[in-house]
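Just so we're aligned, residue 695 is where the sequence shown starts under my numbering, counting upward by one.
Step one of this worksheet: look at the structure below.
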Amino acid sequence: MKKILITTLLYAAIWATDSWACTNFIITKGASTDGSVMVSYSADSHQLYGALYKYNAPKGLYKPGTMLPIYEWDTGRYLGEIAQVGQTYSTVGNMNEHQVIIGETTYGGRSELTDSTGRIDYGSLIYIALQRATTAREAIQIMVDLANEYGYASSGESFSVADANEAWIFEIIGKGCKIVDGKNVNKGIVWVARRIPDGYICAHANQARIAQFPLDDPENCLYAPDVISFAREMGYYDGPDAEFSFCDAYAPLNFSALRSCEARVWSFFRQFVEGMDQYTDYAMGYDLDNRMPLWVKPTHKISPKQVFDAMRDHYEGTPMDMTTDIGAGGSACPYRWRPMEFEVDGVTYVNERATATQQTGFWFVGQARNWLPDPVGGLLWFGVDDAGTSCLTPIYCSTTEVPDCFREGNGHMTEYSPTSAFWIFNRIAQFAYLRYDIIGKAVQEVANQWENEKLEQVKQIDRQADDLIKRGKEKQAVRYLTDYSVNTAQDMFAKWVELDRYLLVKYMDGNVKVEDANGFKDNGYGRNIPASPEWPGYSEKWKRAVVKDNGDILKAVE
695 MKKILITTLL YAAIWATDSW ACTNFIITKG ASTDGSVMVS YSADSHQLYG ALYKYNAPKG
755 LYKPGTMLPI YEWDTGRYLG EIAQVGQTYS TVGNMNEHQV IIGETTYGGR SELTDSTGRI
815 DYGSLIYIAL QRATTAREAI QIMVDLANEY GYASSGESFS VADANEAWIF EIIGKGCKIV
875 DGKNVNKGIV WVARRIPDGY ICAHANQARI AQFPLDDPEN CLYAPDVISF AREMGYYDGP
935 DAEFSFCDAY APLNFSALRS CEARVWSFFR QFVEGMDQYT DYAMGYDLDN RMPLWVKPTH
995 KISPKQVFDA MRDHYEGTPM DMTTDIGAGG SACPYRWRPM EFEVDGVTYV NERATATQQT
1055 GFWFVGQARN WLPDPVGGLL WFGVDDAGTS CLTPIYCSTT EVPDCFREGN GHMTEYSPTS
1115 AFWIFNRIAQ FAYLRYDIIG KAVQEVANQW ENEKLEQVKQ IDRQADDLIK RGKEKQAVRY
1175 LTDYSVNTAQ DMFAKWVELD RYLLVKYMDG NVKVEDANGF KDNGYGRNIP ASPEWPGYSE
1235 KWKRAVVKDN GDILKAVE
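Set out below in C-alpha cells:
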C-alpha cells in the first residue's frame, strides 16, 4: 500500500520542485562561531542567469506620485505599477545597506489559492522590501502590506528574513480569486512569521515548514488575523485554534514534499545536530508522521565556511548519497539530469534532489554582524552556478558598484560571454561532471583554498574600514570596501579562467597528465611531449554493472 501511495502522490509535487528548487539555511547569531546572523540561499532554476543585482538609492527622495513598474522575477512578465515611497535604501544582491537579508524557497501549496489578478510576485516582494526596510521585522510588514494592497501574484512561498540581531522564517500564500463586481474580494495573503530562537538554526527547501504557532506572542510570532478563519472557510481545517498548523492547512505533506524538499533540511540539520538520524524515514518520504522540528540547536557553533560547505551537500553519508549508486556512473557524479522521475515496467522511481544542484543561477551566504557599523557589517558571500563546482567571494553591502563578471547584461542564458563568471563556472562544471571524482575534487580544492584565504583576508578589511568610519571617513571606507569587493571578484574570475585552461590540459581525453614541482612532466626528451599519463579508470561498482549488462560480449578470451 505504501508504494501505491508514493507513486500516486509523486508527479504533481516532483514536477513542482523541478521548477521551484531553492534552498535556505538560517543561522542565528548565538549559533555562529563569530556571532553573525547568517542566511544561505541557492536560486535554482533551469532558466535563471546568475548575476548580482544592484540598486543604488537616489541621494534625495522620490517625488510624490512616482510609480514603480513591477515585472515578475521568474518570467519578466509586466504586472503593472505601484506607488514608490519617498525614502529607499541601496541593495546588493539580497542584502541592503542596513544588513537586512532576504532569501526564499517556493513551496507552491494549494493551487486554487493563486490570484491571477495579483500585481506583486514573490521576487518583487523581496527586492522592494530590501529597498524599504531597516530591520527584518520592518521587511516582513512591508511584504505583507504590499501583497495585501496590490494582490499577490505567486504561489506559496517561504522566506528567510534576517538582520544583524534576529532571523525569521516567514511563510505566505494567496487567497485565490473570488470576483465580485469586477474585483477580487479575496485579494491578499494569509501568512505566519516566526522568530528563530537565538542559538538555533532553521532551514526550508520548497516545502512549508511552520506547523502550530503561538497565538499570543507578538515578540516572536506574527500572523495574518484571518490565517485560521480563512482555512476554515475553505474547508482546510475544522479543529481548535490552538492546534492549527499552517503547513498542514495550506501545503499538506506528501512523499515528494518529504523526499525532494524536507530531505534537504534534514541533511543540513544532521551535519550539526546529533540524533537527526531518527528522522531518516521522514526525510526519505516513508513516515509522514515523524515530523522534524522547525528549528534545532546545533551541537557546536557553526562557522561561515561550514555554511558554505553545507550548500555543497549531495546527501553524502546518508542512504540517499548521490555519489555511490550506479546512477553516479563510473566517476561518482552526484547529479541526475532531469526529469526528476522515471518509470520502469510501470513503476515510478525518483532521482534525488540535493542541496547542491546543476541548475543554480546564483547562491550566497549573507552575514549580518551587529558589532560592526552597517557599511562593514553586511557581508554577502556571492557565487554563481552549481555550489559544488564554484566558490563564493566577499561583497560588502555598502558597495556602490558590481564587478563586471557578475554584472546584469554581461551575457544571458542564450548568449555566451567570455567575461561572465556564470559562463566560466558553467564551463568548468560541465567538464567536472564527466569525471567528478577526479576533476570535481580538483575544483573543490581550489574553491576551498580561495574561500579560506578570503575569510582570513576580510578580517583585515573589516578592521581597516571600521577604523576609517570611526575617524569620520565613511565615504572613504565605502570606496575602500567597494574597491575590495570589485577587485576581489575580478581576481576570482581571472583565477577561474586560468583553472579552466589548466583542467583541460591536465584531464583531456580521460587521461591525467603527471605533474611535479615544475609543472607537467615531459617524457624526458625536452620536446613538449608529456610523460605517459595516468588512467584512473572507473569505480568497481560501475565495472560490475557493465559486466552484468554486457559481460558476455566484453569478456576477454584467453
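All residues carry an ideal CB built from backbone N, CA and C; glycine is no exception.
Checklist entry - DSSP state of Arg1257, grouped into three classes? => result Here the chain comprises residues numbered 695 to 1252, so residue 1257 is not present and cannot be evaluated.
Checklist entry - In terms of residues, what are the limits of the alpha helix (DSSP H) holding Ser923? => result The residue given as residue 923 occupies position 229 in the sequence shown. It spans Val921 to Glu927 - the alpha helix (DSSP H) in which Ser923 sits, taken as one unbroken run.
Checklist entry - What do you get for Glu1228, buried or exposed, if any count of 16 or more other CB atoms within 10 angstroms of its CB means buried? => result Position 534 of the sequence shown, counted from the start, is the residue given in the question as residue 1228. Exposed, by the Cβ-count rule.
Next on the checklist: Let's test the definition: count the other Cβ atoms within 10 Å of the Cβ of Pro1028 and tell me whether it reaches 16, buried, or not, exposed.
Outcome noted: On the sequence shown, residue 1028 is found 334 positions in, with the first residue counted as 1. Answer is buried; the Cβ neighbour count reaches 16.
Item to check | Residue ranges of each beta strand (DSSP E) within the stretch 729-758, 3 or longer | outcome: Entirely contained in the stretch 729-758, the beta strand (DSSP E) runs reaching 3 residues are, in chain order, 731-738.
Next on the checklist: By alpha-carbon positions, which one of Trp1065, Gln1052, Gln901 and Thr800 ends up nearest to Leu988?
Outcome noted: Walking along the sequence shown from the start, residue 988 turns up at place 294. Relative to Leu988, the option among Trp1065, Gln1052, Gln901 and Thr800 whose CA is nearest is Gln901.
Next on the checklist: Looking only at its chain, what residues have a beta carbon closer than 7 Å to the beta carbon of Gly1218, apart from the 5 residues adjacent to it on each side?
Outcome noted: On the sequence shown, residue 1218 is found 524 positions in, with the first residue counted as 1. Result list for Gly1218: empty, nothing under 7 Å.
Checklist entry - Could you check where the alpha helix (DSSP H) with Tyr816 kicks off and where it finishes? => result Mapped onto the sequence shown, residue 816 falls at position 122. Counting along the chain, the unbroken alpha helix (DSSP H) around Tyr816 starts and ends at Tyr816 to Arg826.
Checklist entry - Mapping DSSP to helix, strand and coil, what is Ser1179? => result Sequence index remark: in the sequence shown, residue 1179 carries index 485 (1-based). Ser1179: helix per DSSP, three-state reduction.
Next on the checklist: For the alpha helix (DSSP H) containing Leu1128, name the first residue and the last one.
Outcome noted: Position 434 of the sequence shown, counted from the first residue, corresponds to residue 1128. It spans Ala1115 to Leu1128 - the alpha helix (DSSP H) in which Leu1128 sits, taken as one unbroken run.
Item to check | Those runs of the beta strand (DSSP E) which lie wholly inside the stretch 1043-1095 and span at least 3 residues | outcome: Those beta strand (DSSP E) runs which fall completely within the stretch 1043-1095 and span 3+ residues are 1054-1062, 1073-1078 and 1087-1090.
Checklist entry - Quick one: Cα of Glu791 to Cα of Cys1091, how far? => result Working through the sequence shown from its first residue, we reach residue 791 at position 97. Working through the sequence shown from its first residue, we reach residue 1091 at position 397. Near 5 Å, if we compare the C-alpha coordinates of Cys1091 and Glu791.
Item to check | Alpha carbon of Asp983 to alpha carbon of Tyr973, nearest angstrom | outcome: Here residue 983 refers to the residue found at position 289 when the sequence shown is read from its first residue. Here residue 973 refers to the residue found at position 279 when the sequence shown is read from its first residue. Cα to Cα, Asp983 sits roughly 10 Å from Tyr973.
Checklist entry - CB-CB under 7 Å to Ser818, same chain, minus the five flanking residues each way: which ones, in chain order? => result Counted from its first residue, the sequence shown places residue 818 at position 124. Take Ser818, set aside five residues on each side of it, and the residues of its chain with a beta-carbon closer than 7 Å to its own are Ile764 and Trp767, in chain order.
Next on the checklist: So for Tyr801, helix, strand or coil by DSSP?
Outcome noted: Taking the sequence shown and counting its residues from 1, one reaches residue 801 at position 107. In the three-state reduction of the DSSP assignment, Tyr801 falls in the strand class.
Next on the checklist: On the DSSP letters alone, give me the boundaries of the alpha helix (DSSP H) that Leu947 sits inside.
Outcome noted: The residue given as residue 947 occupies position 253 in the sequence shown. Taken as a continuous stretch (DSSP letters only), Leu947 belongs to no alpha helix (DSSP H), as it is neither H nor E.
Item to check | DSSP three-state assignment for Met761, whether helix, strand or coil | outcome: Residue mapping note: residue 761 aligns to position 67 of the sequence shown, counting from 1. When secondary structure is reduced to three states using DSSP, Met761 falls in the strand class.
Checklist entry - So Thr1083 and Gly1134 are in contact, right, with Cβ under 8 Å, and what is the actual spacing, rounded? => result Taking the sequence shown and counting its residues from 1, the one referred to as residue 1083 is at position 389. Taking the sequence shown and counting its residues from 1, the one referred to as residue 1134 is at position 440. Rounded, the Cβ-Cβ distance is 6 Å, consistent with contact.
Checklist entry - In the structure shown, what three-state DSSP assignment does Gly845 receive? => result By one-based count along the sequence shown, residue 845 stands at place 151. Three-state result, Gly845: coil.
Next on the checklist: With DSSP as the reference, identify every bridge partner of Asp911, one or two as the case may be.
Outcome noted: On the sequence shown, position 217 is the one that residue 911 refers to. DSSP output for Asp911 lists no bridge partner at all.
Checklist entry - What do you reckon, is the C-beta of Gly787 under 6 Å from a heavy atom of the ligand NAD? => result You won't find the ligand NAD in this model; it holds no ligand whatsoever.
Checklist entry - In or out: Val874 buried (at least 16 other Cβ within 10 Å) or exposed? => result In the sequence shown, residue 874 corresponds to position 180, counting from 1. Residue environment analysis places Val874 among the exposed positions, since fewer than 16 neighbouring C-beta atoms fall within 10 angstroms of its C-beta.
Item to check | Run of the alpha helix (DSSP H) containing Val1140, from where it starts to where it stops | outcome: Along the sequence shown, read from residue 1 onward, the residue named residue 1140 stands at position 446. From DSSP, the alpha helix (DSSP H) with Val1140 extends over Lys1135 to Lys1164.
Next on the checklist: Please state the DSSP three-state secondary structure of Asp1203.
Outcome noted: The residue given as residue 1203 occupies position 509 in the sequence shown. Three-state result, Asp1203: helix.
Next on the checklist: I'd like to check one pair, Ala830 with Glu1102: are the Cβ atoms closer than 7 Å?
Outcome noted: Translated into the one-based positions of the sequence shown, residue 1102 becomes position 408. Translated into the one-based positions of the sequence shown, residue 830 becomes position 136. Not closer than 7 Å, so no.
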